[in-house]
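Residues 17 to 160 (this note's numbering) are what the sequence shown spells out, left to right. For every residue, glycine included, the Cβ atom is placed at its ideal position computed from N, Cα and C. Bear in mind that the values here come from a model prediction, so they are computed numbers and not experimental data. Structure record follows, encoded as structure tokens.
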Amino acid sequence: MDQDEDLCAVVQAHALKKPHMLGTNHTNAFIQPAQPTLHKPSMLSLCRADNVYEAAVFKGNDTIYVPLRHMEVLFNASRFDEVTFDEGEAFLGNHAGVFESRQRAFKINFWRFSETSNEMKVVRSFAVLDMVVFHKIKSRLGNM
17 MDQDEDLCAV VQAHALKKPH MLGTNHTNAF IQPAQPTLHK PSMLSLCRAD
67 NVYEAAVFKG NDTIYVPLRH MEVLFNASRF DEVTFDEGEA FLGNHAGVFE
117 SRQRAFKINF WRFSETSNEM KVVRSFAVLD MVVFHKIKSR LGNM
């Protein structure tokens with residue numbers, strides 16, 4: 017077997033595993049052409065509203081969520097390793113971070129692996145009081 021035949025065998029074997037990635041090879045054996053891929057948006061936008069809060073500092077169950085500090089938060093959701101959703105009590109504070117109330121909320125935590133501590137850490141956390149808004153955010157994240 018010469019190098020060209022070796023390459024052809026590798027291309028054909030690869031095409032059987034991933035037919036969408038290759039064109040045709042030099043032996044005229046048909047391999048499906050590459051399929052265009054759709055670019056999925058990875059930016060998530062959250063606008064300031066009475067029912068959306070963010071954690072200034074995440075402290076597990078002791079986290080105080082404050083109203084969004086900016087009119088709109090736009091961040092790259094694809095930069096996180098994991099997203100978790102939870103429902104439960106949330107401590108809500110004012111813009112200064114002073115506790116004001118405890119309410120039932122839907123929590124969205126964005127996790128990233130830390131090379132230094134060798135563990136997953138929450139790097140962004142939001143509490144949403146409105147179930148409809150929560151499901152819209154969750155659906156948007158699911159489509160990314």
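Within 8 Å, strictly: CB atoms of residue i and residue j
i      : j      : result
Phe122 : Met147 : yes
Asn67  : Val149 : yes
Arg128 : Val144 : no
Tyr81  : Gly104 : no
Thr79  : Ser141 : yes
One or two residues paired with residue i in a DSSP bridge
i      : result
Ser117 : Leu108
Lys15  : Not covered by the structure: residue 15. The range shown for the chain is 17 to 160.
Glu135 : Ser130
Pro59  : First, the residue type needs correcting, since residue 59 is Met and not Pro in the sequence shown. Bridge partners of Met59: Asn92.
Asp78  : DSSP, once it has assigned bridges, lists no residue as partnering Asp78.
Ala71  : Tyr81
Asn159 : For Asn159, which the question treats as bridged, DSSP gives no partner whatsoever.
Asp66  : The partner list for Asp66 (beta bridge, DSSP) is empty, contrary to what the question assumes.
Asp102 : Lys123
Val144 : Val68, Phe122
Presumed contact (8 Å Cβ cut-off) between residue i and residue j, rounded CB distance
i      : j      : result
Phe101 : Lys152 : That pair is no contact at about 13 Å.
Pro113 : Ala72  : The question names Pro, but residue 113 is Gly in the sequence shown. Rounded, the Cβ-Cβ distance is 6 Å, consistent with contact.
Leu60  : Arg156 : 6 Å
Phe96  : Phe126 : 4 Å
Ser94  : Met136 : In fact, because the Cβ distance is near 16 Å, the residues do not count as touching under 8 Å.
Contact between the stretch 87 to 95 and the stretch 110 to 120: three or more CB pairs below 8 Å?
no
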